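In the working numbering, the protein residues as written are 269 to 370. The C-beta atom is built at its ideal place from N, Cα and C for all residues, glycine as well. All values derive from a computational prediction rather than experimental measurement. First the structure, in the form of structure tokens, and then the observations on it.
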């Protein structure tokens, strides 16, 4: 599965195209756009794996299916939404939560 190869694949992408080149020229050609989208996808997968998100989560499965079909922009959107949700949940200070009820 693609999700299992994240760090290796991300390093391969960055070895082929240096980061400043990708970021400066991402609008100048299909090859650069694809490399940039691949880098975003594998960066998101790497983050999610570091947080212990398994590859069989529905959102991860859906993103991987889209990525394998060549729809990396939509796959990135799904993974980055999940990343954002995790970041918001981690930012909540448990001491600020008040419990109401019995």
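Residue 350 and residue 363 have their alpha carbons spaced roughly 24 Å apart. Around the beta-carbon of residue 357, fewer than 16 other beta-carbon atoms lie within 10 Å, marking it exposed. In this structure, the straight-line span from the alpha carbon of residue 352 to that of residue 302 is close to 23 Å. Assigned with DSSP and collapsed to three states, residue 351 falls in helix.
The alpha-carbon separation between residue 322 and residue 331 amounts to approximately 13 Å.
In the structure shown, the three-state DSSP call for residue 322 is coil. Take residue 319, set aside five residues on each side of it, and the residues of its chain with a beta-carbon closer than 7 Å to its own are 354, in chain order. Beyond the five residues adjoining it in sequence on each side, residue 312 comes within less than 7 Å, by CB distance, of 344, 347, 348, 351 in the same chain, given in chain order.
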